[in-house]
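One line per chain: the protein sequences are X and V, in this order. Remember, our numbering sits 291 above the position in the first sequence when you count from 1. Remember, our numbering sits 291 above the position in the second sequence when you count from 1. Working notes, structure below.
Protein chains: 2
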Amino acid sequence: MIHNKEIKKLIEAYKTIWALSHFSALGSWDLETYMPSDASAVRGEAMAKIGTMIQSIYLSKEFINTFKIASEEEDLTDYEKGILRNVRRKIDDFTKLPPEFVEKFERLINQAQVAWRKAREKDEFGLFAPILQEIVDLTIQKTDLLGYENEPYDALLDQFEESLTTNTVKEFFEDIKSFLLPTLEEVSNDDVFTSGSKLANTKYDKSKLKKLCIYILDLLSYDSNRLRLDVSTHPFSENMGSKYDARITTRFEGSNLSRPITSTIHEFGHALYDMQTAEELEYTPARNPHSLGLHESQSRFWENIVGRGKPFLGLLIDEIKKLGGEYKDTEVDDLYKLFNTVKPGFIRVEADELTYHLHIMIRFEIERMLVNKEVKINELSELWNSKYKEYLGIEPRNQAEGVLQDIHWSMGAIGYFPTYSTGTILSATWKYKIEEDLRTNISDLAGEKEGIKKIKLWLKNNIHKHGNVYVFNDLISKVTGKSFETESWKKYITSKFISS
Amino acid sequence: MIHNKEIKKLIEAYKTIWALSHFSALGSWDLETYMPSDASAVRGEAMAKIGTMIQSIYLSKEFINTFKIASEEEDLTDYEKGILRNVRRKIDDFTKLPPEFVEKFERLINQAQVAWRKAREKDEFGLFAPILQEIVDLTIQKTDLLGYENEPYDALLDQFEESLTTNTVKEFFEDIKSFLLPTLEEVSNDDVFTSGSKLANTKYDKSKLKKLCIYILDLLSYDSNRLRLDVSTHPFSENMGSKYDARITTRFEGSNLSRPITSTIHEFGHALYDMQTAEELEYTPARNPHSLGLHESQSRFWENIVGRGKPFLGLLIDEIKKLGGEYKDTEVDDLYKLFNTVKPGFIRVEADELTYHLHIMIRFEIERMLVNKEVKINELSELWNSKYKEYLGIEPRNQAEGVLQDIHWSMGAIGYFPTYSTGTILSATWKYKIEEDLRTNISDLAGEKEGIKKIKLWLKNNIHKHGNVYVFNDLISKVTGKSFETESWKKYITSKFISS
Chain X
292 MIHNKEIKKL
302 IEAYKTIWAL
312 SHFSALGSWD
322 LETYMPSDAS
332 AVRGEAMAKI
342 GTMIQSIYLS
352 KEFINTFKIA
362 SEEEDLTDYE
372 KGILRNVRRK
382 IDDFTKLPPE
392 FVEKFERLIN
402 QAQVAWRKAR
412 EKDEFGLFAP
422 ILQEIVDLTI
432 QKTDLLGYEN
442 EPYDALLDQF
452 EESLTTNTVK
462 EFFEDIKSFL
472 LPTLEEVSND
482 DVFTSGSKLA
492 NTKYDKSKLK
502 KLCIYILDLL
512 SYDSNRLRLD
522 VSTHPFSENM
532 GSKYDARITT
542 RFEGSNLSRP
552 ITSTIHEFGH
562 ALYDMQTAEE
572 LEYTPARNPH
582 SLGLHESQSR
592 FWENIVGRGK
602 PFLGLLIDEI
612 KKLGGEYKDT
622 EVDDLYKLFN
632 TVKPGFIRVE
642 ADELTYHLHI
652 MIRFEIERML
662 VNKEVKINEL
672 SELWNSKYKE
682 YLGIEPRNQA
692 EGVLQDIHWS
702 MGAIGYFPTY
712 STGTILSATW
722 KYKIEEDLRT
732 NISDLAGEKE
742 GIKKIKLWLK
752 NNIHKHGNVY
762 VFNDLISKVT
772 GKSFETESWK
782 KYITSKFISS
Chain V
292 MIHNKEIKKL
302 IEAYKTIWAL
312 SHFSALGSWD
322 LETYMPSDAS
332 AVRGEAMAKI
342 GTMIQSIYLS
352 KEFINTFKIA
362 SEEEDLTDYE
372 KGILRNVRRK
382 IDDFTKLPPE
392 FVEKFERLIN
402 QAQVAWRKAR
412 EKDEFGLFAP
422 ILQEIVDLTI
432 QKTDLLGYEN
442 EPYDALLDQF
452 EESLTTNTVK
462 EFFEDIKSFL
472 LPTLEEVSND
482 DVFTSGSKLA
492 NTKYDKSKLK
502 KLCIYILDLL
512 SYDSNRLRLD
522 VSTHPFSENM
532 GSKYDARITT
542 RFEGSNLSRP
552 ITSTIHEFGH
562 ALYDMQTAEE
572 LEYTPARNPH
582 SLGLHESQSR
592 FWENIVGRGK
602 PFLGLLIDEI
612 KKLGGEYKDT
622 EVDDLYKLFN
632 TVKPGFIRVE
642 ADELTYHLHI
652 MIRFEIERML
662 VNKEVKINEL
672 SELWNSKYKE
682 YLGIEPRNQA
692 EGVLQDIHWS
702 MGAIGYFPTY
712 STGTILSATW
722 KYKIEEDLRT
732 NISDLAGEKE
742 GIKKIKLWLK
752 NNIHKHGNVY
762 VFNDLISKVT
772 GKSFETESWK
782 KYITSKFISS
């Protein structure tokens with residue numbers, strides 16, 4: 292589907308950018324997994340330089356000329372158009388942001404991550420506040436440089452999800468909220484989801500965890516020649532710009548066994564997207580990065596709809612028993628409780644499928660206020676706590692489990708959070724579409740390896756293979772014939788938590 | 292010692308090359324340690340692109356101009372001159388080698404490494420022969436492009452050791468050989484070195500090996516925030532272009548315990564050089580790559596002169612006993628035997644301190660014949676075996692332990708081997724100079740952590756801190772006041788193996 296000669300020339304010209312991005316991704320992965328700790332400043336320098344090089348290639352006369360010639364071609368295929376769209380977007384952004392700005396920002400966030408880690412460790416927001424102020428200031432400057440229609444936050448959303456606007460997110464959250472609050476009320480009467488699991492604080496031998504996680508990846512028929520699993524403080528998925536090299540991490544901290552397991556499945560969902568992209572998109576600009584919402588719809592599909600369901604948990608039970616101790620007599624129902632307890636908590640990444648979105652709403656509201664200069668940095672911790680009181684009825688006892696919990700702001704990723712919600716909601720749309728197409732229920736497929744393979748194949752043919760060819764809304768219409776919608780998710784939540 | 296403004300501008304311009312080299316090194320390290328196996332072609336593409344980029348920056352008008360202005364400056368310090376020398380060398384080489392040639396070579400060696408591994412695994416030279424032929428052809432072409440005074444091999448030697456010539460190596464090996472043969476004869480009567488160790492084939496629990504290697508690095512007071520140890524098929528040391536990020540590997544194969552231990556110490560020796568380079572050389576062209584001979588003089592100093600000596604082995608004995616089984620009652624004398632058995636063998640990396648050089652001579656002679664077209668690829672295996680018969684009195688039983696044993700040719704590194712010998716010989720020069728300067732014997736220092744620290748400090752102040760400022764011969768004269776010599780090594784070997 293990529294035939295046009297000029298597009299092929301553009302892909303060839305892009306290959307240098309591809310190589311630089313490949314190493315930038317490797318650098319990020321290494322930073323979080325194996326890099327010696329004293330090397331962080333050196334890595335920061337190298338990453339900043341690579342960032343500047345990528346920008347300067349995009350803005351070089353030669354590259355822009357190749358792009359212009361290609362963009363004047365007619366009768367292009369979707370894939371060819373997708374390639375042009377991705378390149379155009381980058382050229383536009385880089386044209387608006389001066390190289391000095393990009394380099395300054397890169398350097399700042401490298402320092403900021405160190406400061407954030409320290410602040411979190413010492414539970415002292417003051418250690419992070421000054422640098423966060425700088426990040427917010429630069430981010431506001433960035434919105435001015437990028438431009439926006441209605442309000443500055445629009446420019447930020449667009450960076451992570453093309454064309455997503457603040458108004459859309461606002462309406463979306465009002466919709467979700469009006470469903471969530473009564474639903475949460477109703478669920479609170481259900482013993483299965485609210486009585487708490489006896490396993491939630493049951494210690495286990497962490498040395499056995501890696502093997503368990505590999506067992507899970509085996510259930511998902513992962514390809515160990517292309518995907519590796521490591522351990523890091525924060526679980527993540529990193530792709531080296533190719534379907535042949537994906538890396539995920541999980542974490543082995545805390546006493547709740549569901550955490551490392553759901554992290555592994557979640558990150559596997561991201562990796563699978565990257566690994567099932569069409570061969571012909573290799574080395575092209577339409578591979579990475581994907582729409583964050585689409586990507587999250589994959590990780591959350593596997594984590595929540597497959598991973599937290601009874602059939603899949605049934606596949607784990609024998610391995611869980613091997614953990615010994617109190618796990619020796621675990622039943623599937625115990626696991627189901629452990630993985631699906633609904634309870635307001637402080638930590639986003641530990642939240643259940645319902646309250647999760649309240650965490651995101653809080654961040655969205657705070658970020659918007661920051662960018663609109665409606666809150667000062669030194670009021671942030673208080674604002675955070677009052678929002679938690681309002682939305683979740685609980686107040687963080689410290690800053691590590693409050694305003695300091697997420698890495699995102701230290702990475703300069705303001706405007707990122709909403710895609711966690713849109714992606715999660717979208718995952719239910721896929722569920723019902725798969726069930727319609729395959730004429731069976733996910734729960735029938737998720738309880739056996741062969742069924743899981745069928746799900747993977749559907750995802751490959753309908754979503755993954757297209758890489759980043761289509762924007763969020765276009766891919767959804769292409770697959771479902773409809774626009775992005777929240778009804779599927781509400782139906783899924785109702786059937787799981789209310790009418791079960 | 293870097294004050295000149297124009298030199299500083301050159302360093303600034305070099306920083307992009309530095310960043311690319313940083314990621315290239317990371318890519319190599321990752322390839323050998325954690326990269327998923329299916330990703331090798333993708334990594335090859337990325338590495339080739341980075342190689343081309345580095346070349347094109349060196350040859351850009353802007354960079355060459357910055358270099359020219361800097362090179363016209365007067366009254367430069369040694370460090371400033373060293374920086375100019377390193378840049379000039381690169382510009383010269385890249386000017387002579389067309390970009391298409393460099394890229395073709397890069398791609399070829401990526402394929403060749405895969406072919407070599409396969410051929411070695413299947414013990415079938417024919418699987419590697421055709422691509423080796425291509426490598427030899429391109430290498431001959433390379434010598435023509437680079438130019439040479441006397442014979443093509445000179446051009447190759449110079450790539451790995453600036454100004455080293457075939458004639459010098461020939462004379463050097465004649466010198467070493469005339470000492471080695473009678474010495475080997477004499478040693479063969481000594482029971483300690485030739486009776487063989489009962490531990491040479493004593494199995495041990497490999498899961499305890501990592502801990503043992505870390506224990507050894509602790510004895511050497513390594514800085515775990517800057518240096519990490521991993522496991523790979525072939526032990527190596529990789530540096531990310533900074534004193535703050537060094538990586539070494541060892542291997543846990545085979546039944547001879549001395550192997551993983553000496554590998555760890557050897558690679559530590561390389562890493563220490565990189566980690567003790569002066570702060571002001573960070574990010575400059577005079578850091579990496581170092582003279583291979585100087586580098587090897589460091590790894591072999593630690594491996595042979597410290598690591599295989601009784602005092603250091605004495606520090607290990609309690610940990611070795613913890614391996615249990617037959618190791619429970621090990622005495623220092625048993626270890627000394629294990630680490631110092633002198634016996635002709637097929638495998639270079641397993642050779643003792645004496646026969647090691649015979650392995651190198653064989654390679655030197657064969658490489659020269661290859662480049663002079665005096666031997667055909669399909670005669671190579673036979674030639675190899677006849678040389679082993681001649682030099683070591685033994686004939687390889689298969690090709691994996693014969694002509695296929697080394698990775699070097701598949702990496703296009705023809706002309707590299709001689710630096711293994713020159714470096715090893717040089718390590719003894721350092722031993723006596725340290726003893727003179729510190730007024731004590733290495734054996735008195737190597738048996739305690741504090742003594743080891745003193746050795747490290749001497750190496751830092753006399754060798755390591757200068758990075759790649761001085762070429763091989765210049766650094767030797769600077770430190771010892773004399774030229775490169777082989778007498779120290781002969782004295783060391785005699786005192787260890789004959790008069791002990």
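For each residue, glycine too, the CB sits at the ideal point set by N, CA and C.
Beta carbon of residue i nearer than 8 Å to that of residue j
i                : j                : result
Phe484 (chain V) : Asn295 (chain V) : no
His557 (chain X) : Ile698 (chain X) : no
Thr555 (chain X) : Ile507 (chain X) : yes
His313 (chain V) : Leu563 (chain V) : no
Leu607 (chain V) : Leu626 (chain V) : yes
Ile651 (chain X) : Trp675 (chain X) : no
Pro580 (chain X) : Asn759 (chain X) : yes
Ile360 (chain X) : Thr575 (chain X) : no
Arg398 (chain X) : Ala339 (chain X) : yes
Whole-number beta carbon distance between residue j and residue i, since they are thought to touch under 8 Å
i                : j                : result
Val662 (chain X) : Leu447 (chain X) : 7 Å
Ile355 (chain X) : Ile374 (chain X) : Going by Cβ atoms, the distance from Ile355 (chain X) to Ile374 (chain X) rounds to 15 Å, so no, they are not a contact pair.
Ala719 (chain V) : Trp780 (chain V) : 4 Å
Thr434 (chain V) : Pro443 (chain V) : 4 Å
Lys773 (chain X) : Tyr761 (chain X) : The pair is not a contact, with the Cβ atoms about 15 Å apart (cut-off 8 Å).
Ala310 (chain V) : Ala337 (chain X) : 4 Å
Gly714 (chain V) : Leu583 (chain V) : 7 Å
Thr541 (chain X) : Glu594 (chain X) : Between Glu594 (chain X) and Thr541 (chain X) the Cβ distance is about 12 Å, and since that is not below 8 Å, they are no contact.
Chain-ordered neighbours of residue i on chain V, where CB pairs are closer than 7 Å
i                : result
Leu307 (chain X) : Note that residue 307 (chain X) is Thr in the sequence shown here, rather than Leu. Per Cβ cutoff of 7 Å: Lys340 and Met344.
Asp565 (chain X) : The premise fails here: Asp565 (chain X) is roughly 12 Å from chain V at the closest Cβ pair, so nothing lies under 7 Å.
Val762 (chain X) : Near Val762 (chain X) there are no residues of chain V at all, since even the closest Cβ is about 26 Å away, more than 7 Å.
Residue i, buried or exposed, once every other Cβ within 10 Å from all chains shown has been counted against 16
i                : result
Asp481 (chain V) : exposed
Gly742 (chain V) : buried
Gly417 (chain X) : exposed
Leu472 (chain V) : exposed
Met566 (chain V) : buried
Lys680 (chain V) : exposed
Asn492 (chain V) : exposed
Ser546 (chain X) : exposed
Arg578 (chain V) : buried
Ser588 (chain X) : buried
Listed by chain order, chain X residues near residue i by CB distance under 8 Å
i                : result
Ala330 (chain V) : Arg517, Met531, Ser533, Tyr535 and Asp536
Ile704 (chain V) : Residue identity check: residue 704 (chain V) is Ala in the sequence provided, not Ile. Near Ala704 (chain V) there are no residues of chain X at all, since even the closest Cβ is about 23 Å away, more than 8 Å.
Proximal residues of chain X, C-beta to C-beta of residue i below 9 Å
i                : result
Tyr349 (chain V) : Near Tyr349 (chain V) there are no residues of chain X at all, since even the closest Cβ is about 15 Å away, more than 9 Å.
Val522 (chain V) : The premise fails here: Val522 (chain V) is roughly 12 Å from chain X at the closest Cβ pair, so nothing lies under 9 Å.
Beta-carbon neighbours of residue i, restricted to chain V and to distances below 8 Å
i                : result
Gly560 (chain X) : The premise fails here: Gly560 (chain X) is roughly 18 Å from chain V at the closest Cβ pair, so nothing lies under 8 Å.
Listed by chain order, chain X residues near residue i by CB distance under 7 Å
i                : result
Val378 (chain V) : Going along chain X, no residue has its Cβ under 7 Å from Val378 (chain V), so there is no contact; the nearest lies around 18 Å.
Ala337 (chain V) : Ala310, His313 and Phe314
Listed by chain order, chain V residues near residue i by CB distance under 9 Å
i                : result
Val405 (chain X) : Residues of chain V passing the Cβ test: none, with the nearest at roughly 14 Å.
Val770 (chain X) : Neighbours of Val770 (chain X) on chain V: none; closest Cβ ~28 Å, over 9 Å.
* Asked: For the region 499–520 of chain V, which residues have a beta carbon sitting closer than 7 Å to at least one beta carbon of chain X?
  -> Those would be Asn516, Arg517, Leu518 and Arg519, in chain order.
* Listed in chain order, which residues of the region 619–648 of chain X have Cβ atoms closer than 8 Å to some Cβ of chain V? -> So nothing in the stretch comes that close.
* Asked: Listed in chain order, which residues of the region 312–331 of chain X have Cβ atoms closer than 9 Å to some Cβ of chain V?
  -> His313, Phe314, Ser315, Leu317, Gly318, Trp320, Asp321, Thr324, Tyr325, Met326, Pro327, Ser328, Asp329, Ala330 and Ser331
* **Residues within the region 387–398 of chain V neighbouring chain X, beta-carbon criterion of under 9 Å** => Residues passing the 9 Å Cβ filter: none.
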